[in-house]
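Just below is one structure, and these are the notes that go with it.
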Amino acid sequence: SQTIHQWPATLVQPVGSPLSLECTVEGTSNPNLYWYRQAAGRGLQLLFYSVGIGQISSEVPQNLSASRPQDRQFILSSKKLLLSDSGFYLCAWSHSSYEQYFGPGTRLTVT
Amino acid sequence: GQQLNQSPQSMFIQEGEDVSMNCTSSSIFNTWLWYKQDPGEGPVLLIALYKAGELTSNGRLTAQFGITRKDSFLNISASIPSDVGIYFCAGQLLGSGTYKYIFGTGTRLKVLA
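Chains as they are written, first to last, in this note's numbering: chain A, -8 to 102; chain B, 3 to 115.
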């Protein structure tokens, strides 16, 4: 069966510091991968998605970036965090069946 | 970003009651997904719908893909306290040529024992 991992689970970072969140998927190959952000009590905002290694589509202009160095690895990065980057970051994967599955999330607090 | 209209925004119900929520759009979708999210966790997929008019059940949950392809409904029968959480709909736009999903704004459900 397929599983999706995210780490770290929680992170507290000062403004201006760099960020790296990692997501890995097991049990499938060539998945579509997604990064979402969820503000407290709000819906999900799509940040990036990828249909293959090195292929990244950005949905929202901001100081975040994404990379896909391996088939089942998706990384969310920032060179300098802003207060507004705080939130709950969710990684997800899907396949041709169109069902999308989420990871456990990373709670990021920028202080 | 684009979001689906989901209603109600929140609801308080008594244990044992049935619950209904829906998502609507002016656009046509080829897939509808329904999720439940508990606090501090990732959303969990409940039901997936692929055909207009499709009615699918998962235990006490039943969801339908609207005939017009512009809406979807989720019903929960005989609610229990563990049904509490936020329910999201999500859909893929027909002919979008991408693998993006648009999400509803969520329905926050609270069940009173």
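All C-beta atoms in this analysis are idealised placements derived from N, C-alpha and C, irrespective of residue type, glycine included.
Please read all numbers here as calculations on a predicted model, not as lab measurements.
The alpha carbon of residue 17(A) has as its nearest neighbour, out of 92(A), 37(A), 42(A), 1(A), the alpha carbon of 92(A). Here the region 36 to 50 of chain A lies against the region 60 to 67 of chain A, with 3 or more beta-carbon pairs under 8 Å apart. As summarised for the region 16 to 68 of chain A, the continuous beta strand (DSSP E) elements at least 3 residues long and confined to that stretch are 23 to 29, 35 to 43, 46 to 49, 55 to 61, given in chain order.
Check the Cα spacing between residue 82(A) and each of 37(A), 69(A), 30(A), 32(A): the tightest is with 37(A). Judged by DSSP in its simplified three-state form, residue 40(B) adopts coil rather than helix or strand. Put simply, the CB of residue 80(B) is far from chain A, with every gap to its CB atoms at 7 Å or more. If only complete runs of 4 or more residues are kept, the region 10 to 89 of chain B shows no alpha helix (DSSP H) anywhere.
By the Cβ-count criterion, residue 66(A) is buried, with 16 or more other Cβ atoms from all chains shown falling within 10 Å of its own Cβ.
In the DSSP secondary-structure assignment, residue 92(A) is bridged to 84(A).
Against chain B, the CB of residue 93(A) has a partner CB under 7 Å away; the residue lies at that interface.
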